[in-house]
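S.K.: Here it is: the structure, laid out below.
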Amino acid sequence: MCLTGTLSLAYFIHNCVVTIMQGNRHQENNVRDLTISYFLVAATYIPIGVLFYTTFPLPKYCVVDNFLDNFPPHDVVLAVVRGFLFFQILTVYPLLAFFIRNQLFTYFLGAGHEFRLWRVVLLNVVLVTMSVLVAILFPSIGFIIRWVGAIAGLAYIFILPCITYMVALYSKNRLSTSQVILHSTIIIIGIGNFVSQFFTE
23 MCLTGTLSLA YFIHNCVVTI MQGNRHQENN VRDLTISYFL VAATYIPIGV
73 LFYTTFPLPK YCVVDNFLDN FPPHDVVLAV VRGFLFFQIL TVYPLLAFFI
123 RNQLFTYFLG AGHEFRLWRV VLLNVVLVTM SVLVAILFPS IGFIIRWVGA
173 IAGLAYIFIL PCITYMVALY SKNRLSTSQV ILHSTIIIIG IGNFVSQFFT
223 E
């Protein structure tokens, strides 16, 4: 069940989709582009995860949540992988910071808020400080990912979309019993995913 919480976060980009897609030159291609991106992520995550798990030479309970800690510390390949990981952090972290900044500033200051450099710097300092503190004080990344995935997934993936869709159908008098059953089942699956995190080590 740890995997379900982790996967909820691995494919979680719901709160960033609008921010990403609003800069798309051809808005009519948004659904196609998003579908392709989800497929590409799945095509990289799944084979790597399955290949590593199935070929891991030790008992499976020895697999550590930090992927790189499963290899000898002085391996040459590991040094190369750490270099690629550093490059990934250099590219992904500013993107995530942009999403957080855009959403927080839009929520608290409004959509047409005026740009202030000191706000951006302050938020970036807070984000970096929080990230470093978590890395130092609680480096169990697997635990963090599965719980954040289960909690955020419960809200953003399972509950809010289903309820919003049912409310929209209800307002148009198009909500059927089968729709209620289907979307209630999805919500129950999300709740089950969250509750299952309490029963894993």
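Throughout the sequence shown, residue numbering follows the working numbering, covering 23 to 223 in sequence. Where is the CB? At the ideal position from N, CA and C, for every residue including glycine.
I need the DSSP call for Gln125, collapsed to helix, strand or coil.
M.R.: Gln125 falls in the helix class under three-state DSSP.
S.K.: Can you give the beta carbon distance from Cys184 to Ile209, rounded, assuming they're within the 8 Å contact cut?
M.R.: 5 Å
S.K.: Buried or exposed, going by whether 16 or more other CB atoms sit within 10 Å of the CB of Thr26?
M.R.: buried
S.K.: Per DSSP, what kind of secondary structure is Asn37 in: helix, strand or coil?
M.R.: Assigned with DSSP and collapsed to three states, Asn37 falls in helix.
S.K.: Near Val103, what residues of its chain come up, given a Cβ to Cβ distance below 7 Å and the 5 sequence neighbours on each side ignored?
M.R.: Leu90
S.K.: How long is the line joining the alpha carbons of Val8 and Ala32, rounded to whole angstroms?
M.R.: Limits of the chain in this structure are 23 at one end and 223 at the other, which puts residue 8 out of reach.
S.K.: For Ala64, which three-state DSSP category applies?
M.R.: helix
S.K.: Report all residues from its chain with a CB closer than 6 Å to the CB of Phe19; omit the five preceding and five following residues, and keep chain order.
M.R.: As shown, the chain starts at 23 and ends at 223. That puts residue 19 outside it, with no answer to give.
S.K.: I'd like the list of long-range same chain contacts for Met23, defined as Cβ closer than 8 Å, with 5 residues on each side in sequence excluded.
M.R.: Since pLDDT at Met23 reaches only 49, below the 50 mark, its modelled position is unreliable, and the value read off the structure follows with that caveat. Counting only Cβ-Cβ distances below 8 Å, and skipping sequence neighbours, we find Asn215, Ser218, Gln219, Phe221 and Thr222.
S.K.: Pop quiz: Leu149 and Ala119 are said to be a contact at Cβ under 8 Å. What is the actual Cβ separation, rounded to whole angstroms?
M.R.: 6 Å
S.K.: In whole angstroms, what is the alpha-carbon distance linking Val86 and Pro69?
M.R.: 18 Å
S.K.: Would the segment 73 to 82 and the segment 154 to 162 be scored as touching if the rule is three or more Cβ pairs under 8 Å?
M.R.: no
S.K.: Indicate the three-state DSSP secondary structure (helix, strand or coil) for Met23 in the structure shown.
M.R.: Any answer about Met23 is weak, because its pLDDT of 49 lies below 50 and its placement is not dependable; what the coordinates show is given next. Coil at Met23, not helix or strand.
S.K.: Can you have a look at Arg168 and say buried or exposed, based on whether 16 or more other CB atoms are within 10 angstroms of its CB?
M.R.: buried
S.K.: Return helix, strand or coil for Ser198, following the three-state DSSP convention.
M.R.: Residue state, collapsed to three classes: coil.
S.K.: For Asn88, which of helix, strand or coil comes out of DSSP?
M.R.: Here Asn88 sits in coil by DSSP.
S.K.: Quick test of your reading: Phe165 and Gly212, contact by CB under 8 Å. State the CB separation rounded to the nearest angstrom.
M.R.: Rounded, the Cβ-Cβ distance is 20 Å, inconsistent with contact.
S.K.: Determine, using beta carbons only, whether Gln125 and Asn37 come nearer to each other than 9 Å.
M.R.: yes
S.K.: For the alpha helix (DSSP H) containing Ala174, name the first residue and the last one.
M.R.: Ile163 to Ala174
S.K.: Which residues in the same chain as Phe78 place their Cβ atom closer than 7 Å to its Cβ, once the five residues preceding and following it in sequence are excluded?
M.R.: Val85
S.K.: With a threshold of 9 Å between beta-carbons, can Leu182 be considered close to chain C, or not?
M.R.: Among the chains in the structure shown there is no chain C, since it carries only a single protein chain.
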